[in-house]
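S.K.: There's a structure below that I have some questions on.
Numbering (UniProt numbering), first residue to last: 1 to 419.
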């Protein structure tokens, strides 16, 4: 029987990697035509460090410390006479994605779903990358949530009964926090699953933290707080849901104007000020609500959550609910953030094809709206009202987020069952 299945498995992997490399080489060959964070910011930072400036202490640096080697490596290769910084950075993320895609695909085919749904998950991931090609290799986002997704794969595929396995899990978690701090609250559901072994879990948390954060803390100490301060004082970014609310209100009031200062290009005016203050409260409140629901779901399914598959399902559902909650309530949101949910939606074990199509169509609609120029609308007023077609079009940037948030808060975790 195994001998009969072997040719099928080989053919499956051949097809998968053929399509993967075909689409990813196309992305590599078609970088964004206009602005690039890699060219304008990352390369500048790498050169500053090369010439002796210390991040956090001698210049403002907005990212956590694990990003320093990620941004520095392309310049090191450049100085060795291989390629140039921009290409080297994109290739660096591409090489990481080879590892990520291999683990994602292997995990998807181990998840108990119909074969058609498994193939659908892989095709969704490949199509999403093509649709978001202007951002796919342009920032830290794919590596950020790619590593977080690998963490969940390991929970499903590798027994978590030893201290070593838990240290690996927590090291991956702390690594994501050290790339972008936004995964920090997601420690809560991970800890909940191991409450019965809290002594071992505490050791693993501390060991993982020291492995990832020990050296940066020794080198930079309190200077690391610079990146936290940077994001704390940022205004409401132009692409955020709060900014959209201000924009719609301004169609009626004409009381606001948009700043021309990067990176936020925020609205300025009395309405913008009030909306910003409201979202300062909504953001932490939304995180607390999601974590409370995660705790409540844990209590409801505590007996089932000893099974690796139910743990895997629970963690991905909570993480996706968290992602969409902070997207809708955060001050800062931009197009590359859409990459965060792509690997998680790929991995989630949907109960039926209807659920899967709902999630994937919603995600592809958001990607089409925010990461491509395919779905645009003219700024024409509707039937003489202040509302424009652009306002209506932009509403569909956020409607799928509300729908997916509701789904993963309810169906996603209520559907837990033993594998």
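Quick reminder that beta carbons are idealized off the backbone N, C-alpha and C, glycines included. Note that the structure is predicted; figures quoted are calculated from it, not measured.
(1) Going by C-alpha distance, which of 398, 377 and 384 is nearest residue 390?
(2) Which one of 14, 157, 30 and 244 has the shortest CA to CA distance from residue 388?
(3) Give, in chain order, every unbroken run of the alpha helix (DSSP H) that is at least 4 residues long and sits entirely within the stretch 301 to 332.
(4) Ignore the nearest five residues each way along the sequence and tell me which others in residue 94's own chain have a CB closer than 7 Å to its CB.
(5) Considering only their Cβ atoms, is the gap separating residue 152 from residue 409 smaller than 8 Å?
(6) State yes or no: is the C-beta of residue 46 within less than 8 Å of the C-beta of residue 75?
(7) Is DSSP giving residue 27 helix, strand or coil here?
(8) Tell me the DSSP secondary structure of residue 166 in three-state form.
(9) For residue 374, I'd like the list of residues in its chain whose CB is within less than 7 Å of its CB, leaving aside the five on either flank, ordered along the chain.
(10) Between the stretch 171 to 178 and the stretch 138 to 152, are three or more C-beta pairs nearer than 8 Å?
(11) Go to residue 118, then tell me how far its alpha helix (DSSP H) extends in each direction, as first and last residue.
(12) Quick one, which of 212, 160 and 69 has its alpha-carbon nearest residue 140's?
(13) Residues in its own chain within less than 7 Å of residue 67 by CB, not counting five upstream and five downstream?
(14) Just how far apart, CA to CA, sit residue 380 and residue 313?
(15) Please go through the same chain and pick out, in chain order, the residues whose beta-carbon is closer than 6 Å to the beta-carbon of residue 216, but skip the five residues on each side of it.
(16) Determine the DSSP secondary structure at residue 267, reduced to helix, strand or coil.
(17) Do you know how far the Cα of residue 270 is from the Cα of residue 145?
(18) Would DSSP call residue 110 helix, strand or coil?
(19) Which residue spans inside the stretch 177 to 205 form an unbroken alpha helix (DSSP H) run of at least 4?
(20) Relative to the C-alpha of residue 280, which candidate in 240, 261 and 386 has its C-alpha closest?
(21) Could you spell out where the alpha helix (DSSP H) holding residue 358 opens and where it closes?
(22) So, do the stretch 122 to 134 and the stretch 180 to 188 have three or more beta carbon pairs nearer to each other than 8 Å?
(23) Hey, quick one: how far does the alpha helix (DSSP H) through residue 57 stretch, first residue to last?
(24) Can you tell which of 405, 294, 251 and 342 has the C-alpha that lies nearest to the C-alpha of residue 382?
(25) Taking the Cβ atom as the reference point for each residue, do residue 158 and residue 349 lie within a distance shorter than 8 Å?
(26) Quick one: measure Cβ to Cβ for residue 227 and residue 92, integer angstroms, because I've assumed they're closer than 8 Å.
(27) Just checking my contact of residue 283 with residue 329 at CB under 8 Å: how many whole Å lie between their CB atoms?
(28) Which runs of the alpha helix (DSSP H) spanning at least 4 residues fall entirely within the stretch 218 to 289, listed in chain order?
(29) Which partner residues does residue 388 have in the DSSP bridge list?
(30) Is it buried or exposed for residue 331, if we count other Cβ within 10 angstroms and need 16 for buried?
(31) Starting from residue 77 and walking both ways along the alpha helix (DSSP H), at which residues does that stretch end?
(32) For the alpha helix (DSSP H) that contains residue 152, what are its first and last residues?
(33) Using C-beta distances below 7 Å, list every residue in its chain close to residue 259, excluding the 5 sequence neighbours before and after it, in chain order.
(34) What is the rounded straight-line gap between the Cα of residue 224 and the Cα of residue 343?
(35) Within its chain, find whatever has a CB closer than 7 Å to the CB of residue 77; leave out the 5 residues flanking it on each side and keep chain order.
(36) Compute the Euclidean distance between the alpha carbons of residue 238 and residue 160, then round it to the nearest angstrom.
M.R.: Working from what's here:
(1) 377
(2) 244
(3) 308 to 329
(4) 24, 28 and 137
(5) no
(6) yes
(7) helix
(8) helix
(9) 368
(10) yes
(11) 115 to 131
(12) 69
(13) 140 and 179
(14) 44 Å
(15) 65
(16) strand
(17) 36 Å
(18) coil
(19) 187 to 192
(20) 240
(21) 353 to 370
(22) no
(23) First-last for residue 57: undefined, no H or E at that position.
(24) 251
(25) no
(26) Rounded, the Cβ-Cβ distance is 21 Å, inconsistent with contact.
(27) 5 Å
(28) 225 to 232 and 241 to 253
(29) 381
(30) buried
(31) 67 to 79
(32) 141 to 157
(33) 265, 266 and 268
(34) 29 Å
(35) 83 and 88
(36) 42 Å
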